[in-house]
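Protein chains in written order, with this note's numbering: chain A, 3 to 361; chain B, 3 to 361. Beneath this line is the structure, given in structure tokens, with notes to follow.
There are 2 protein chains.
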Amino acid sequence: MDQTFTYQQLLDFSTNIFKAIGCSAAHAAVAATSLLSADLRGVDSHGLARLTGYVRLWETKRVNANPDIRVIHETPSTAVVDGDSGLGLVVAPAAMQVAIDKANQVGSGWVSVQNSNHFGIAGKHAMMALKHDMIGIAMTNASALVAPTFSKDKLLGTNPIAVAIPAGNEPAFVADFATTTAANGKLEILQRKNQPTPDGWVQTKDGLPSNNAHELKEGGALLPLGGDREHGSHKGYMLGSIVDIFSGVLSGANFGPWVPPFPAYLPMPENMPGKGIGHFFGAMRIDAFRKGEDFKSDMDKWIQSFKSAKPVDGFERVIIPGEPEIESEKYHLDNGIRLPAVVIEDLQQLGRRFSVNIF
Amino acid sequence: MDQTFTYQQLLDFSTNIFKAIGCSAAHAAVAATSLLSADLRGVDSHGLARLTGYVRLWETKRVNANPDIRVIHETPSTAVVDGDSGLGLVVAPAAMQVAIDKANQVGSGWVSVQNSNHFGIAGKHAMMALKHDMIGIAMTNASALVAPTFSKDKLLGTNPIAVAIPAGNEPAFVADFATTTAANGKLEILQRKNQPTPDGWVQTKDGLPSNNAHELKEGGALLPLGGDREHGSHKGYMLGSIVDIFSGVLSGANFGPWVPPFPAYLPMPENMPGKGIGHFFGAMRIDAFRKGEDFKSDMDKWIQSFKSAKPVDGFERVIIPGEPEIESEKYHLDNGIRLPAVVIEDLQQLGRRFSVNIF
Chain A
3 MDQTFTYQQL LDFSTNIFKA IGCSAAHAAV AATSLLSADL RGVDSHGLAR LTGYVRLWET
63 KRVNANPDIR VIHETPSTAV VDGDSGLGLV VAPAAMQVAI DKANQVGSGW VSVQNSNHFG
123 IAGKHAMMAL KHDMIGIAMT NASALVAPTF SKDKLLGTNP IAVAIPAGNE PAFVADFATT
183 TAANGKLEIL QRKNQPTPDG WVQTKDGLPS NNAHELKEGG ALLPLGGDRE HGSHKGYMLG
243 SIVDIFSGVL SGANFGPWVP PFPAYLPMPE NMPGKGIGHF FGAMRIDAFR KGEDFKSDMD
303 KWIQSFKSAK PVDGFERVII PGEPEIESEK YHLDNGIRLP AVVIEDLQQL GRRFSVNIF
Chain B
3 MDQTFTYQQL LDFSTNIFKA IGCSAAHAAV AATSLLSADL RGVDSHGLAR LTGYVRLWET
63 KRVNANPDIR VIHETPSTAV VDGDSGLGLV VAPAAMQVAI DKANQVGSGW VSVQNSNHFG
123 IAGKHAMMAL KHDMIGIAMT NASALVAPTF SKDKLLGTNP IAVAIPAGNE PAFVADFATT
183 TAANGKLEIL QRKNQPTPDG WVQTKDGLPS NNAHELKEGG ALLPLGGDRE HGSHKGYMLG
243 SIVDIFSGVL SGANFGPWVP PFPAYLPMPE NMPGKGIGHF FGAMRIDAFR KGEDFKSDMD
303 KWIQSFKSAK PVDGFERVII PGEPEIESEK YHLDNGIRLP AVVIEDLQQL GRRFSVNIF
């Protein structure tokens with residue numbers, strides 16, 4: 003049966019699980035906060051539902067619970083961070099902090115990360131910049147589920163991009179999106195409901211258009227944002243490629259078809275050219291460009307002009323990127339987070355196994 | 003009648019026109035090279051066909067032929083450049099050079115530009131980074147032709163993004179794309195042929211789906227990459243917004259609905275909050291992250307793995323971003339550039355007016 007838990011209950015539980023697999027108290031807290039930010043922001047597919055997945059990666063020794071996360075190459079404004087096979091949930095905030103520190107010193111900081119694992123939601127890491135009055139950028143590559151335009155083969159992950167931009171009186175602008183037409187999580191919802199997908203989401207293993215939400219299980223692929231060439235899929239393919247190159251090639255991580263998969267039961271790609279999965283982070287101090295107050299008042303003006311645009315009939319108004327997530331966060335902090343029965347069972351099993359009290 | 007000219011003929015002609023409106027010899031050469039790069043690379047809509055448009059902006063005093071392009075704010079890795087109402091074709095390379103110089107000093111350079119005009123094709127400016135073994139990034143905002151998801155009103159330009167990434171033996175990866183489903187140039191082709199657009203390119207003035215290539219003349223709008231919400235248009239809207247904010251809000255240029263239009267006969271927006279149009283440039287030194295040779299051999303591997311993917315039946319293979327433009331450039335340098343009769347007449351008029359020998 004579905005059940006609702008408070009944020010604090012779930013945070014304590016996941017922190018304890020991360021401690022149980024050997025994370026330090028500090029790392030466990032960071033990992034749990036990163037993970038739970040997905041449930042708070044309404045991206046259920048990337049939150050607690052994945053806790054078991056992370057533990058399985060640790061079991062197969064693909065995740066190191068005690069990583070020595072360190073800068074292995076740097077200039078005043080750039081760095082490469084080696085995640086030492088740590089949880090991406092921990093490596094990402096550490097690397098983003100390096101970007102922020104560099105931005106404090108020289109105006110901006112840019113960090114490419116090798117040897118990491120899945121980092122949860124990109125937006126959470128980008129948003130670290132906001133309280134420093136900086137623009138934050140986060141992206142990551144991921145295992146290949148996406149076929150580039152004209153390809154039967156899957157060569158790219160859903161490779162998300164997040165950009166967080168501070169405003170004044172208005173809430174911050176926070177964009178966070180997969181570079182595919184639809185994120186994998188959206189597909190999973192249709193799978194559960196046994197509903198067809200809209201055009202342009204997936205293709206068959208032969209590269210033909212499909213509306214089958216289960217197509218990936220049959221060798222098919224997700225499609226880059228745009229869907230097909232006529233609708234701009236080459237642009238989605240370019241975006242996904244840029245994320246892959248900035249995250250994987252620039253850092254010395256794996257890239258393209260060699261990015262290791264999240265599910266621990268899947269085999270690793272052969273002849274991997276790099277280390278683990280890759281991320282890319284950026285931070286730019288607002289006052290490295292303009293007076294903070296001028297920027298913020300113009301951002302407020304930007305946001306207000308979009309909010310007050312004439313809406314298409316049947317829609318309330320233009321949505322500012324990040325708005326729905328803020329509402330979701332408020333709602334879940336006030337009313338708790340509802341978990342589906344299947345996730346609860348999963349967590350109960352984990353709890354029993356590691357002797358962690360469940361809620 | 004259509005006619006073919008050599009690159010050198012057209013370069014000399016445009017250089018002389020830019021000199022005739024008062025540009026210095028150096029600026030005229032830069033402007034002509036920027037402009038012609040569009041014709042060479044096969045983006046006819048942004049090349050010589052626009053020369054008259056730039057001259058008209060100068061006539062209406064919106065373009066200053068002798069701009070004092072200068073850095074008005076900076077940190078070691080960032081700057082804001084004031085284009086002094088210069089031709090974007092000249093301002094952009096100057097600002098990109100500032101980014102490259104900063105990357106040479108501190109690993110990366112990021113430059114936001116105010117008080118500029120249309121800069122031609124974004125890819126040309128991003129590619130300046132390549133010969134320095136840097137990744138180059140270029141974007142610009144533009145006058146509002148695009149309706150965000152759920153909006154009847156037009157609030158964004160086609161706001162292109164270009165990213166140029168060096169490789170080893172393979173040609174560089176050069177992505178250059180409007181953040182709309184289809185660039186305005188693609189629409190113009192259908193207009194001339196009197197053909198309908200695919201779904202997701204345009205909407206009517208009431209925000210309804212349309213396949214009318216002439217829809218913009220009737221108050222309609224271009225659509226963000228994705229087309230509609232179900233096909234990911236909120237992602238195209240976010241991308242266009244990021245370009246607008248980095249280019250316009252970060253620099254103190256105009257943004258959103260206030261970006262001045264390219265056609266000189268159109269009225270300027272009221273209550274403009276900033277100066278001119280805005281651009282954003284970035285340069286990252288490869289060796290600020292990894293040894294150049296390691297990066298390049300991995301980029302070659304990346305490119306080869308995409309080139310050798312199994313193609314969908316009926317297509318030759320996956321295209322690497324920038325490949326078609328390289329072929330186009332070679333073709334046009336060898337065989338000349340074919341101009342339509344209407345563009346030739348336009349240029350002949352310009353030539354007579356400024357006593358510049360036409361070809």
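All C-beta atoms, glycine included, are put in the ideal place defined by N, C-alpha and C.
Nearest in C-alpha terms to A/A164, of all of A/Q351, A/G242, A/L341, is A/G242. Contact check for A/S47 and A/N186: beta-carbon distance about 7 angstroms, within the 8 angstroms limit, so the pair qualifies.
Distance from the CA of A/A311 to the CA of A/V320, rounded to the nearest whole angstrom, comes to 7 angstroms. Taking C-beta atoms as the reference points, A/I123 and A/A40 count as a pair closer than 8 angstroms.
In the DSSP secondary-structure assignment, B/L225 is not bridged to any residue. The C-beta of B/E295 has fewer than 16 other C-beta atoms within 10 Å across all chains shown, which makes the residue exposed.
The beta carbon of B/A177 is closer than 6 angstroms to those of V165, P323 in its chain, skipping five residues each way along the sequence.
Taking the Cβ atoms as the reference, B/I305 lies roughly 6 angstroms from B/A169, within the contact range of under 8 angstroms. One alpha carbon belongs to B/D289, the other to B/T35, and they sit about 29 angstroms apart. The residues D4, in chain order, have a CB closer than 6 angstroms to that of B/P342 in the same chain once the five nearest residues on each side in sequence are set aside. In this structure, the CA atom of A/G222 is about 43 angstroms from the CA atom of B/V261. Contacts with chain A at 8 angstroms (Cβ-Cβ) include B/A290.
Between B/I102 and B/H134, the gap from beta carbon to beta carbon is short of 8 angstroms. By the Cβ neighbour-count rule, B/A174 is buried, with 16 or more other Cβ atoms within 10 Å of its own.
With the criterion set as a beta carbon lying under 7 angstroms from some beta carbon of chain A, the members of the region 109-125 of chain B are G109, S110, W112, S114, in sequence order. Here A/H75 carries a strand assignment [DSSP, helix/strand/coil]. B/L158 has B/V148 as its beta-bridge partners, per DSSP. Among the residues facing chain A, B/V57 is not included, as its CB has no counterpart in that chain under 8 angstroms away.
Around the Cβ of B/S110, a 10 Å sphere holds 16 or more other Cβ atoms; the residue is buried.
Under DSSP, no beta-bridge partner is assigned to A/Q193. Note on the region 21-89 of chain A: whole alpha helix (DSSP H) runs with a minimum of 4 residues are 27-43, 53-61, in chain order. The beta carbon of B/F257 is closer than 8 angstroms to those of N143, D246, I247, S249, G250, V251, P275, G276, G280 in its chain, skipping five residues each way along the sequence.
Using a Cβ distance threshold of 8 angstroms, B/S118 and B/G85 count as a contacting pair. For A/W112, the enclosing beta strand (DSSP E) begins and ends at 110-118.
Buried is the label assigned to A/D230, since at least 16 other Cβ atoms lie within 10 Å of its Cβ.
Using a Cβ-Cβ cut-off of 8 angstroms, B/D348 does not count as an interface residue toward chain A, since no Cβ of chain A sits closer than that to its own.
Within the same chain, and ignoring the five residues on either side of A/K298 in sequence, the residues whose Cβ sits closer than 7 angstroms to its Cβ are P168, A169, G170. Among the residues of chain A, none has a CB under 9 angstroms from the CB of B/I102; the nearest is roughly 13 angstroms distant. For the region 294-332 of chain A, the continuous alpha helix (DSSP H) assignments of 4+ residues that do not extend past its boundaries occur at 294-309, in sequence order. Close to chain B, meaning a Cβ-Cβ distance shorter than 7 angstroms, are the following residues of the region 323-343 of chain A: P323. Closer than 8 angstroms to the CB of B/T160 there is not a single CB belonging to chain A. With respect to B/R43, B/G125 sits close: the two C-beta atoms are nearer than 8 angstroms. When the beta-carbon positions are compared, A/F356 and A/I19 come within less than 8 angstroms of each other. A Cβ-Cβ contact shorter than 8 angstroms links A/M136 with A/M286. Selection A/K237, A/P198, A/I360, A/K154 evaluated against B/E232 yields A/P198 as nearest (Cα-Cα). When rounded, the separation of the alpha-carbon atoms in B/Y333 and B/D14 is 19 angstroms.
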